[in-house]
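Each remark here refers to the structure printed beneath this line.
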Amino acid sequence: MFSYTIPQLLQIVAKSYTWKVKTRDKKLFLTFDDGPHPNITLWVMAQLAEYNARATFFCVGENVKKYPETYKELLKMKHAVGNHTYHHIKGWNTPDDDYLEDIHMASKFIHSPLFRPPYGRILPSQTKKLLSNYQVIMWNYLSGDFDENLNREKSLQVMKRAEPGSIMVFHDSEKAFENLQYLLPKILAYFSEQGYTFESIPYLK
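Following this line, the structure appears as structure tokens:
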């Protein structure tokens, strides 16, 4: 099970993380986890290009190593990238030194001060050691596209509640692709009609 949104209280308590971007302008921050993928990531970029949209791609190090040309295309198209570990591991289940080493491995391929923990699961001790080098990016809207039993209409209606500065999560992965193909074009079209633009997450430190 997952929650489409993050409770406001949690965002306040866990204030060392970035849950949304402070802005009053009609800007949304779309993010894509777990790529790059040689076909799906290119499809995502094509959808974004129709709206002159920029996004942030949190990449898995081993995928960047496998698909360097797709990664280069992300940079060429002026999208932002972030570190998503090398092996897509859960911080909760990994000793701190091993977790940090995995992030360091990914940093050899992904040159970015932005980091998102896979599954959003990271220990406070790991966060403390990361904050000197990274801005830890979470989200306040989760599409749930990874869920094979996703209620797409419910996801779409919840996502449409996003407000200026919201960070949305999608996945450019094979598991999520069928749901992503349904959700992403509709989100882009809906918010564009509302006067929103789509931006990459800025480094705030």
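Quick note on our numbering: the sequence shown kicks off at 5 and runs consecutively. All C-beta atoms, glycine included, are put in the ideal place defined by N, C-alpha and C.
Cβ-based neighbour list, residue i, same chain, cut-off 8 Å, excluding 5 preceding and 5 following
{"i": "M163", "result": "Y8, Y145, S147, M172, L187, I191"}
{"i": "D116", "result": "Residue identity differs from the one stated: residue 116 is Ser in this sequence, not Asp. Cβ within range, chain order: A84, V85, G86, N87."}
{"i": "K133", "result": "D100, L104"}
Bridge partners - residue i, DSSP secondary structure assignment
{"i": "T89", "result": "According to DSSP, T89 bridges with nothing at all."}
{"i": "Q198", "result": "Beta-bridge pairing links Q198 to no other residue."}
{"i": "F61", "result": "F36, V85"}
{"i": "L118", "result": "Q139"}
{"i": "K4", "result": "This structure cannot settle anything about residue 4, because the visible part of the chain is limited to 5 through 209."}
{"i": "K31", "result": "T201"}
{"i": "T22", "result": "I141"}
{"i": "T45", "result": "In the DSSP output, where bridge partners are listed per residue, T45 has none listed."}
{"i": "T9", "result": "Y145"}
Nonlocal neighbours in the same chain, by C-beta distance under 7 Å from residue i, ignoring five residues either side
{"i": "R28", "result": "P168"}
{"i": "H92", "result": "D38, V64, P122"}
{"i": "G199", "result": "K30"}
{"i": "L154", "result": "G148, N183"}
Per-residue burial, residue i [other beta carbons within 10 Å of its own, 16 or more giving buried]
{"i": "H175", "result": "buried"}
{"i": "V17", "result": "exposed"}
{"i": "N183", "result": "buried"}
{"i": "D106", "result": "buried"}
{"i": "K24", "result": "buried"}
{"i": "P121", "result": "buried"}
{"i": "S20", "result": "exposed"}
{"i": "Q130", "result": "buried"}
{"i": "N67", "result": "buried"}
{"i": "L34", "result": "buried"}
{"i": "D149", "result": "buried"}
{"i": "S177", "result": "buried"}
{"i": "S136", "result": "exposed"}
Cβ pair residue i, residue j closer than 7 Å
{"i": "T60", "j": "G39", "result": "no"}
{"i": "K94", "j": "Y123", "result": "yes"}
{"i": "F6", "j": "D37", "result": "no"}
{"i": "L251", "j": "F202", "result": "The requested residue 251 is not part of the displayed model; the chain covers only 5 to 209."}
{"i": "R58", "j": "S159", "result": "no"}
{"i": "T89", "j": "P42", "result": "no"}
{"i": "P189", "j": "Q51", "result": "yes"}
{"i": "H22", "j": "I141", "result": "The displayed chain sequence assigns Thr, not His, to residue 22. Against a cut-off of 7 Å, the Cβ pair of I141 and T22 comes out as a contact."}
{"i": "S170", "j": "Y55", "result": "no"}
Residues near residue i by beta carbon distance below 6 Å, same chain, minus five either side
{"i": "R125", "result": "K94, G95, W96"}
Those runs of the alpha helix (DSSP H) which lie wholly inside the region 121-208 and span at least 4 residues:
DSSP runs (the alpha helix (DSSP H)) wholly in the region 121-208: 128-134, 156-163, 181-197.
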